[in-house]
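Asker: In the working numbering, the protein residues as written are 28 to 96.
One structure follows; several queries about it will come next.
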Amino acid sequence: SGKWFQVCHYGVSQQTEQLDYDQIRELALRERPKLLICGYSAYPRIIDFEKFRSIADEVGAYLLADIAH
């Protein structure tokens, strides 16, 4: 898929080891993704899906939430 899509990753805060939604929003505003993916099997904390929805709406992206784990 790397041949067809430009991928941009976000991570966790080095200080808190949690998702930094402000940083994710800034990245989304800069990169303007068509698809924002959230939901992970290796992230042991509660994900704020409403914040991801808000970020996706703000940049006009689809939101894909991996909620199978």
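Glycine included, every Cβ here is placed at the ideal spot set by N, Cα and C.
Three-state secondary structure (DSSP) at Ile-64?
Answerer: It is a strand residue.
Asker: Label Pro-71 either buried or exposed according to how many other C-beta atoms from any shown protein chain fall within 10 Å of its C-beta, with 16 as the threshold for buried.
Answerer: Under this definition Pro-71 is an exposed residue.
Asker: Can you round the beta-carbon distance between Tyr-37 and Leu-62 to whole angstroms, since I take them to be within the 8 angstroms contact cut?
Answerer: Actually they do not touch by this definition, with Cβ atoms about 13 angstroms apart.
Asker: Can Ile-74 and Leu-91 be called in contact, C-beta distance under 8 angstroms?
Answerer: Not a contact, by the Cβ cut-off of 8 angstroms.
Asker: Provide the residue span of the alpha helix (DSSP H) that contains Leu-54, from first to last.
Answerer: Start and end: 48-58.
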